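J.:
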Amino acid sequence: MYDTIIIGGGLGGLASGAILAQQGMHVCVLEQHTQAGGCLQSFTREGDTFDTGFHCVGGLRPGEVLYPFFRALRLLDLPWLRMDESAFEEVILGDKNYFIAQGYRRFIKTLAHEFPHEEAGLRTFVKMLRSVGQTLPKLFDEEETARRRTRKLFSLSAYDFLHKTIRDPQLRRVIAGASLKMEPHAPTLPLYTFAQIHNSFIQSAWRLRGGGMQIVRRLIEQIEAAGGTVRTNARVTRLIGKSGRITAAELANGEQIEARFFISDIHPTQTLALVDTENRLMRQAYRRRVNELQNTFGFFTLQIHTPYGSMPYFNRNISVYDEGVDPWDITVDRTKQRTLDSGVLISCRPSEMPKGRFTTSVDILLPIPNHLYQSTFAQFATQEGYSALPAYKLAKKIWSAFGLVSAMKHIPWMPPTLENFTYSASTPLTYLRYTGTPNGSAYGIRKDYREPLRTLLPPRTPIPNLLLTGQNLNVHGVLGVTVTAFLTCTELLGRPVVRRMLEGAEELEVEEA
6 MYDTIIIGGG
16 LGGLASGAIL
26 AQQGMHVCVL
36 EQHTQAGGCL
46 QSFTREGDTF
56 DTGFHCVGGL
66 RPGEVLYPFF
76 RALRLLDLPW
86 LRMDESAFEE
96 VILGDKNYFI
106 AQGYRRFIKT
116 LAHEFPHEEA
126 GLRTFVKMLR
136 SVGQTLPKLF
146 DEEETARRRT
156 RKLFSLSAYD
166 FLHKTIRDPQ
176 LRRVIAGASL
186 KMEPHAPTLP
196 LYTFAQIHNS
206 FIQSAWRLRG
216 GGMQIVRRLI
226 EQIEAAGGTV
236 RTNARVTRLI
246 GKSGRITAAE
256 LANGEQIEAR
266 FFISDIHPTQ
276 TLALVDTENR
286 LMRQAYRRRV
296 NELQNTFGFF
306 TLQIHTPYGS
316 MPYFNRNISV
326 YDEGVDPWDI
336 TVDRTKQRTL
346 DSGVLISCRP
356 SEMPKGRFTT
366 SVDILLPIPN
376 HLYQSTFAQF
386 ATQEGYSALP
396 AYKLAKKIWS
406 AFGLVSAMKH
416 IPWMPPTLEN
426 FTYSASTPLT
436 YLRYTGTPNG
446 SAYGIRKDYR
456 EPLRTLLPPR
466 TPIPNLLLTG
476 QNLNVHGVLG
486 VTVTAFLTCT
496 ELLGRPVVRR
506 MLEGAEELEV
516 EEA
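For the sequence shown, my numbering gives the first residue as 6, with consecutive numbering after it.
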């Protein structure tokens, strides 16, 4: 029998496993696919390597938000590459370019150069970011102060705060334009989500040479070194219960694995579908609450492999919008159509060679709001073998052309055609197949500042030995998922133990590659 079984081998599951393993718990991670890692994993096409969904992280230096968590997980010595300090993000609105800089002072100075009348507003904005970022480590204190403040910030609107703080509508669009690392959904986006993500990247922004699988391998090494197990091709089909508790996870091959505790890193609706209904372990009211929650948009992703030496590396992300497009509106169903640059995120993979000046892979991501998903991709979701259907292939070809033309407009050395290049095109259905997230949602459950108690799920479930983790709780992304893993493990280890892990005895520096 294991101490803890973890369902799902994404970042949330592996981080939870590493945390518990460090504290002496006997852990088993069950991953249904052939390799663990979720959106951190890499894949190959015709011998070329692509990342699934990992592009960059923020806040890795001492004193910054992600630092204590990655220090505890022993991830700071990976080959991190700092992005352009003067412009880690370029926002293109029509024919005008704006730059988002790292460092609070540089961030203010760069945008105040374009909007001198908004310097005071920018200072207020940054003051709020810093204040929100400082709450993260305090979530593990015994006092309730930080947790109360977090709950309050989840009940405030990001859109309203930005409108009250920044009066110039173009500057508001610039800041919102740098927000494709989340869903910029004006009616619901909580200030807490908006602030934590922006704050981490403005502190410092990083890419990882060699891709996200290095994080996966490092976490698996820690679990296995402590006597734990990470099993692939191990799809959980049922959680068996008795006397109000889960007793075992049953796999697709009929094998039953017992444990004292269970943590689910998969989507909560999937988790509830696994729970044995015969023993009435969970009330229908909780099931309805979770199943009725909305999910954020997905992405169409075009990934182009470029032979080394053919495309210069650009050390920033680029977000592109047509003239007149408000980034807050990209999720709104107005015309049921998508203009070419209703919102496009362009990123690239750094060379694995130190000081390498060329990239080998460019990622072009196009948001697919729900109305576009329903009109374009939903029809294929229930069809067996849909990926081979001519209509599905045509849809992928059309969206690939959208992405390529958009990138060509702003990156002059992009290839004019994909004919001579290895590339991969992923739709929301691809993410649905590999992550199980409804509609291939990129950021999981949509948190709503108007209903924080309903949309913000805690790690604990009505079943006392079943916990949740992953991007559907708290905040999504590498920062949010990592912090949530520690919050979930706090339920088993206690706050004092987790706080000691985060405080650490030794201050380390990121080893920049």
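Beta carbons are placed, not taken as given, at the ideal position from N, Cα and C, and that holds for glycine.
Bear in mind that the values here come from a model prediction, so they are computed numbers and not experimental data.
Of all the options Gly475, Met506, Pro374, which has the alpha carbon lying nearest to the alpha carbon of Asn444?
T.: Of the listed residues, the one whose Cα sits closest to Asn444 is Pro374.
J.: Taking DSSP as the reference, what is the three-state secondary structure of Pro359?
T.: Coil, per DSSP.
J.: Which class does Ser429 belong to by DSSP, given the choice of helix, strand or coil?
T.: Three-state result, Ser429: strand.
J.: Should the segment 302-315 be called in touch with the segment 473-491, which here means at least 3 C-beta pairs below 8 Å?
T.: At 8 Å Cβ cutoff, the stretches do not touch.
J.: What does the alpha-carbon distance come out to for the pair Glu389 and Arg438?
T.: So the alpha carbons of these two residues sit roughly 12 Å apart.
J.: Rounding to the nearest angstrom, what Cα-Cα distance links Ala4 and Arg500 in this structure?
T.: The question about residue 4 has no answer, for the chain in this structure spans 6 to 518.
J.: Give me the Cβ distance between Ser194 and Leu158, rounded to the nearest whole Å; I'm assuming they're in contact under 8 Å.
T.: A small fix is needed here, since residue 194 is Leu in this sequence, not Ser. Actually they are not in contact, since the Cβ atoms of Leu194 and Leu158 sit about 12 Å apart, beyond 8 Å.
J.: In the DSSP output, which residue or residues are listed as bridge partners for Tyr7?
T.: Tyr7 pairs with Ala264.
J.: Based on the DSSP output, what are the partners of Arg111 in its beta bridges?
T.: Partner(s): none; Arg111 has no beta bridge.
J.: Report the option in His38, Gly126, Gly217, Ser136 whose CA atom is closest to the CA atom of Arg172.
T.: Ranking His38, Gly126, Gly217, Ser136 by Cα distance to Arg172 puts Gly126 first.
J.: Is DSSP giving Val330 helix, strand or coil here?
T.: Val330 falls in the coil class under three-state DSSP.
J.: Using 8 Å as the Cβ pair cut-off and three pairs as the minimum, do the segment 455-462 and the segment 248-262 touch?
T.: Segments in contact, no.
J.: Report buried or exposed for Ser387, applying the criterion of at least 16 other Cβ atoms within 10 angstroms of its Cβ.
T.: One point to set straight first is that residue 387 is Thr, not Ser, in the sequence displayed. Thr387 should be labelled exposed.
J.: Can you look up Thr435 in the DSSP assignment and give me helix, strand or coil?
T.: DSSP places Thr435 in helix when its eight states are reduced to three.
J.: Buried or exposed for Arg339, going by 16 or more other Cβ atoms inside 10 Å?
T.: In this predicted model, Arg339 has a pLDDT of only 48, less than 50, meaning its place in the structure is not dependable; the value taken from the coordinates is given anyway. Exposed, because fewer than 16 other Cβ atoms sit within 10 Å of the Cβ of Arg339.
J.: Considering Cα atoms alone, identify which of Phe48, Leu83, Met6 is closest to Thr427.
T.: Here the closest residue by C-alpha is Phe48.
J.: Which residue wins for smallest C-alpha separation from Ile416, given the options Tyr109, Ala77, Gly348, Ser352?
T.: Comparing Cα positions, the closest option is Ser352.
J.: Which residue's Cα is closest to the Cα of Val488: Cys61, Lys143, Asp100?
T.: Nearest of Cys61, Lys143, Asp100 to Val488, Cα basis: Lys143.
J.: Tell me which residue opens and which closes the beta strand (DSSP E) that Glu95 is part of.
T.: Glu95 -> beta strand (DSSP E) spans 94-98.
J.: Assuming the contact rule is C-beta atoms closer than 8 Å, Trp3 and Ala200 should be a hit. Round their C-beta distance to whole Å, please.
T.: Nothing about residue 3 can be reported from this structure: the residues present for the chain run from 6 to 518 only.
J.: Rounded to the nearest angstrom, what separates Val137 and Asn258 at their Cα positions?
T.: Those two C-alpha atoms are separated by around 46 Å.
J.: Taking DSSP as the reference, what is the three-state secondary structure of Leu345?
T.: Note that Leu345 scores 47 on pLDDT, short of 50, meaning its location in the model is unreliable; the coordinates nonetheless yield the value given after this. Coil.
J.: For Leu4, which residues of its own chain have a beta-carbon under 7 Å away from its beta-carbon, when the five flanking residues on both sides are left out?
T.: In the structure as shown, the chain starts at 6 and stops at 518, and residue 4 therefore has no counterpart that could be examined.
J.: Would you kindly report the start and end of the unbroken beta strand (DSSP E) that includes Glu226?
T.: Per DSSP, Glu226 belongs to no beta strand (DSSP E); it is in the alpha helix (DSSP H), 218-230.
J.: Quick check on DSSP: helix, strand or coil for Leu134?
T.: Residue state, collapsed to three classes: helix.
J.: Is the distance from the Cβ of Leu484 to the Cβ of Ala77 below 7 Å?
T.: Their beta carbons are not under 7 Å apart, which means Leu484 does not touch Ala77 by this criterion.
J.: Under the criterion of a Cβ to heavy atom distance below 6 Å, does Gly43 qualify as lining the ligand HEM?
T.: With respect to small molecules bound, the structure shown includes none, and the ligand HEM cannot be examined in it.
J.: Looking at Leu307: is its Cβ nearer than 7 Å to the Cβ of Gly408?
T.: It is a contact, given that the beta carbons lie within the stated cut-off.
J.: Taking Leu80 as the reference, give the member of Ser91, Arg66, Asp89, His272 with the closest Cα.
T.: Per the Cα distances, Arg66.
J.: Taking the alpha-carbon positions, what's the Arg42 to Gln139 distance?
T.: Residue identity differs from the one stated: residue 42 is Gly in this sequence, not Arg. Roughly 29 Å between the two C-alpha positions.
J.: Quick one: measure Cβ to Cβ for Ala447 and Phe302, integer angstroms, because I've assumed they're closer than 8 Å.
T.: Right, the Cβ-Cβ distance comes to about 6 Å (below 8 Å), so this counts as a contact.
J.: Pick out the complete beta strand (DSSP E) segments inside the segment 42-70, 3 residues or longer, and give them in chain order.
T.: Fully enclosed beta strand (DSSP E) runs of 3 or longer: 47-50, 53-56.
J.: Within 10 Å of its beta-carbon, does Pro273 have 16 or more other beta-carbons around it, so buried, or fewer, so exposed?
T.: Buried is the call here.
J.: For Val486 versus Leu16, is the C-beta spacing smaller than 7 Å?
T.: The answer is yes: Cβ separation under 7 Å.
J.: Consult DSSP for Arg339 and reduce its assignment to one of helix, strand or coil.
T.: Unreliable placement is indicated for Arg339, whose pLDDT of 48 sits below 50; the coordinate value is still reported in the next sentence. In this structure, Arg339 counts as coil in the three-state DSSP scheme.
J.: Alpha carbon to alpha carbon, how far is Ser205 from Pro395?
T.: Straight-line Cα distance between these residues: approximately 43 Å.
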